[in-house]
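Okay, so here's the structure we're looking at.
Number of protein chains: 2
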Amino acid sequence: MNIGEIARRAGVSRSTVSYALSGKRPVSEDTRRKIQHVIDELGYRPNASARALANGRTNTIGLVFPPAGNHYTGMQLDFIGSVVEAAAAQDYDVLLSPSGVDSDRSFQRMLGERRVDGAILMEIRLEDDRVDHLAALDFPSVAIGRSAHPEGTWWVGLDHTALAAACVHHLADLGHRRVAFVNRPEQLLRTGYESAHRGLDGFTKAAAERGLTVRTYCCGDDAASGQACLEQILHDDPATTALVTLNEAALGGLYRGLTQAGRHVPRDFSVTGVVAGRWAETVTPQLTAADVPAEEMGRRAVDLLVERLDHPDAPPRHHLLTPPISLRASTGPGPGPGLPSSIESR
Amino acid sequence: MNIGEIARRAGVSRSTVSYALSGKRPVSEDTRRKIQHVIDELGYRPNASARALANGRTNTIGLVFPPAGNHYTGMQLDFIGSVVEAAAAQDYDVLLSPSGVDSDRSFQRMLGERRVDGAILMEIRLEDDRVDHLAALDFPSVAIGRSAHPEGTWWVGLDHTALAAACVHHLADLGHRRVAFVNRPEQLLRTGYESAHRGLDGFTKAAAERGLTVRTYCCGDDAASGQACLEQILHDDPATTALVTLNEAALGGLYRGLTQAGRHVPRDFSVTGVVAGRWAETVTPQLTAADVPAEEMGRRAVDLLVERLDHPDAPPRHHLLTPPISLRASTGPGPGPGLPSSIESR
DNA sequence: CACTTCACGCGAACCGGTTCGATGACCGGC
DNA sequence: GCCGGTCATCGAACCGGTTCGCGTGAAGTG
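Quick note, the sequences are listed as chains W and H, same order. For the first sequence, full-length UniProt numbering gives the first residue as 1, with consecutive numbering after it. For the second sequence, full-length UniProt numbering gives the first residue as 1, with consecutive numbering after it.
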């Protein structure tokens, strides 16, 4: 059931069948019908490997994301889902590679063995050897996230700095003066994860600007860690009245910790941060937060990649998104109106 | 940078390079070193398409899961993650196909074009044309889930009937008499999703056995639907004191609904069901539930598939799992001790 | 020293497509 | 009636590996 078989049964040559299928050269209506008939009858589909070998394109894109280690977050799920769907819409398949660094076996397989035409990278670090490696190879790729030096590369990212700052301003406007920041796990911060770094940065700067008293924490990606983290926060400074988090997996645990400490959200304590919308709506009270538009980001990444594949010489493009804060129910007035930072900060 | 280039530089023939790499025929230590040296120097990796074409194996497995539609559940995420990792451990890549039925373009691409050596199917329906199709083709595949007639096929599944029944017995033992069942969305039930059907079945039978008064509901896969569903439950029968759910995405909404109705969990109302452990621990109070061992299931599915690929004539195997109920904090005593069903049920 | 044995390496064919140059049939124009 | 030009089709080469059968030189044997 290969192209030769089809050609034989249709009484034509292999090349004619190929042209009939691809339309790259004219084929008479008559023979086209004959060929199509045989194909339908036998349910023939051209072999992907042979085709890829011949024309150098696999019609597959690679999706590179770090190994679960322990957990994936809901946001990662949303990215994966949206990338797969957007790719399918453009007739691309998606090959998954659980690689954190460019020396991973899986990463090498995907690229070195030319299994994919291009790649989408997730969980970008500020200094990311995968990004550098691909750039050096001039291998078509798009990052979901933005490294320290994104110039000249393709990416779609979130303005974590601005987002975290927006959360701070929101809380400061409500009169909160002592605010905690709950980051992703320390190991991620240490290895330079973009969102963890830029988020922390934006938080710190904005807090300084508003003269807030802050403490920052790293927290494991699970409910138990979130609960423990919250206990630590209240232990370190019982006067804390609000927190900003990037860690959606810990959110349930943070809430539980607050409940157990007898703090009512939002009456006694405000919670906000940057998380995927559907997770923000799962908790009670629903989280006032900057909703990560994971679906849009995945789709845009695929679109950029396909554009880059179709136009190898196109200049680099990117999208930097800054979704607004969705007001829900987890933030409320703080102890008092904000004071000029010059007074409060000394 | 192909095998011919390596051969030229090492001063040997292409076949010798191939044998040196595969070890399928002896190569002298001397030439092997020469070849390896050239390969290391050039960073050569054999082209996957060419290799697949020549020996008929892609070293890729397909993971078939239904399109997101609106949402993926956390459980699906866990499956995907564990499958990818288990596959990577066995040096297989994973190709994602968002296909619900065998006529999907993506499904056809994967199989018809021979992009994968075998497939893992998720979200099985009782009558599943994908399963039937693959069985008819004798295409190596493993289902995560069990269709109505699983004899002679390979699968790893959860005993949803027993699990739902266990939840009922747990509640009945606590003295609950009026219990609601919150299923996955109606559309899934209608199209014959295994878990929705078998779960409903197990619930209904066990409830009848224990003489409970029950109502069953379908509920969308999101928090808002969960909240609405709970309101409906209390509206239909305010005396309801417990519920069993298969719908982890709705869980947060169910809890919220209870809170807003002034019912305290577990004092006034008990909640249990079948969900992934990490989600059960996210909500407050933590959910007493049968934890879906998604990680184990994904791993086992890959192991089965690889076994089947390595031994094409091996007899069908399967794993039916029945994880125990993890006692957490969401269930408590009902209105009174259970009465003999003969009395209660009339 | 001639004869087998063996280890090693080579060349050619093959996997199933795509693509290029060539060929032949048919057409209209002069 | 011959010529130039289309149009449809064919054959062969190629993509980059794998694999089979065979040849060759060195080592072992009587």
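Glycine included, every Cβ here is placed at the ideal spot set by N, Cα and C. Treat the numbers as computed from the prediction; the structure is a model and nothing was measured.
request  = Take residue 247 (chain W) and list the residues in its own chain whose beta-carbon comes closer than 6 angstroms to its own, dropping the five residues that flank it on each side.
outcome  = 182, 184, 219
key: Expected contact under 8 angstroms - CB spacing of residue 271 (chain H) and residue 265 (chain H) to nearest Å   = 6 angstroms
query = In or out: residue 2 (chain H) buried (at least 16 other Cβ within 10 Å) or exposed?
reply = exposed
task = May I ask which residues mark the beginning and end of the beta strand (DSSP E) holding residue 121 (chain W)?
result = 118-121
request  = Using a Cβ-Cβ cut-off of 8 angstroms, state whether residue 93 (chain W) counts as contacting chain H.
outcome  = yes
request  = Using a cut-off of 7 angstroms between C-beta atoms, extract the partners of residue 283 (chain H) located in chain W.
outcome  = 252
inquiry  = Quick check on residue 320 (chain H): buried or exposed, where buried means 16 or more other Cβ atoms within 10 Å of its Cβ?
reply    = exposed
query = Going straight from the alpha carbon of residue 118 (chain H) to that of residue 211 (chain W), what length do you get?
reply = 60 angstroms
ask   = At what residues does the beta strand (DSSP E) containing residue 183 (chain H) begin and finish?
value = 178-183
message = In the DSSP assignment, the alpha helix (DSSP H) including residue 18 (chain W) goes from what residue to what residue?
response = 14-22
ask   = So what does residue 93 (chain W) bridge to, in DSSP terms?
value = W:60
request  = Compute the Euclidean distance between the alpha carbons of residue 396 (chain W) and residue 28 (chain W), then round it to the nearest angstrom.
outcome  = Within the shown structure, residues of chain W are numbered from 1 to 346, placing residue 396 (chain W) beyond reach of any answer.
request  = Compare the C-beta of residue 58 (chain H) against all C-beta atoms of chain W and say whether one is closer than 8 angstroms.
outcome  = yes
request  = Name, in chain order, the residues that DSSP records as bridge partners for residue 257 (chain H).
outcome  = DSSP, once it has assigned bridges, lists no residue as partnering residue 257 (chain H).
ask   = Three or more C-beta pairs closer than 8 angstroms, one from the stretch 284-291 of chain H and one from the stretch 140-154 of chain H: is that the case here?
value = no
task = Could you round the C-beta distance between residue 64 (chain H) and residue 167 (chain H) to whole angstroms and report it? I think they count as a contact, below 8 angstroms.
result = Not a contact, Cβ separation roughly 29 angstroms.
query = By a C-beta neighbour count over all protein chains shown, 10 Å radius and 16 as the cutoff for buried, is residue 258 (chain H) buried or exposed?
reply = buried
key: the stretch 101-114 of chain W: positions lying closer than 8 angstroms to chain H by Cβ   = 105, 106, 108, 109, 110, 112, 113, 114
query = Under 8 angstroms Cβ-Cβ, which residues of chain H neighbour residue 47 (chain W)?
reply = 53, 113, 114
Residues near residue 234 (chain H) in its chain [Cβ-Cβ closer than 6 angstroms; skip 5 each side] = 261
task = Would you mind telling me which residues of chain W sit closer than 7 angstroms to residue 357 (chain H), beta carbon to beta carbon, in chain order?
result = No answer is possible for residue 357 (chain H): the residues shown for chain H start at 1 and end at 346.
request  = Use the C-beta contact count for residue 105 (chain H): other C-beta atoms within 10 angstroms, 16 or more gives buried, fewer gives exposed.
outcome  = exposed
inquiry  = I'd like to know whether the C-beta of residue 293 (chain H) is nearer than 8 angstroms to at least one C-beta of chain W.
reply    = no
query = Comparing the C-beta of residue 85 (chain W) with each C-beta of chain H, is any distance below 8 angstroms?
reply = yes
message = Please state the DSSP three-state secondary structure of residue 158 (chain H).
response = strand
task = Sort out for me which residues DSSP pairs residue 347 (chain H) with in a bridge.
result = Outside the shown range of chain H, which is 1 to 346, sits residue 347 (chain H), and nothing can be said about it.
request  = Give me the Cα-Cα distance between residue 281 (chain W) and residue 249 (chain H), rounded to the nearest whole angstrom.
outcome  = 11 angstroms
ask   = Within 10 angstroms of its Cβ, does residue 186 (chain W) collect 16 or more other Cβ (buried), or is it exposed?
value = exposed
key: residue 338 (chain W) in three-state terms, based on DSSP   = At residue 338 (chain W), the pLDDT of 48 sits below 50, so the modelled position is not reliable; the number obtained from the coordinates is stated separately. It is coil, neither helix nor strand.
inquiry  = According to DSSP, is residue 351 (chain H) part of a helix, a strand, or is it coil?
reply    = An answer regarding residue 351 (chain H) cannot be provided, because it is not within the stretch 1 to 346 covered by chain H.
Span separating the alpha-carbon of residue 111 (chain W) from that of residue 224 (chain W) = 38 angstroms
Cβ-Cβ distance between residue 23 (chain H) and residue 66 (chain H) below 8 angstroms = no
request  = Could you check if residue 197 (chain W) is buried or exposed, using at least 16 other CB atoms within 10 Å of its CB as the buried criterion?
outcome  = buried
Contact list for residue 50 (chain W) against chain H, beta-carbon separation under 7 angstroms = 53
key: Spatially closest choice to residue 173 (chain W) from W:114, W:242, W:232, by CA coordinates   = W:242
query = Run through DSSP, which three-state label would residue 139 (chain W) get?
reply = coil
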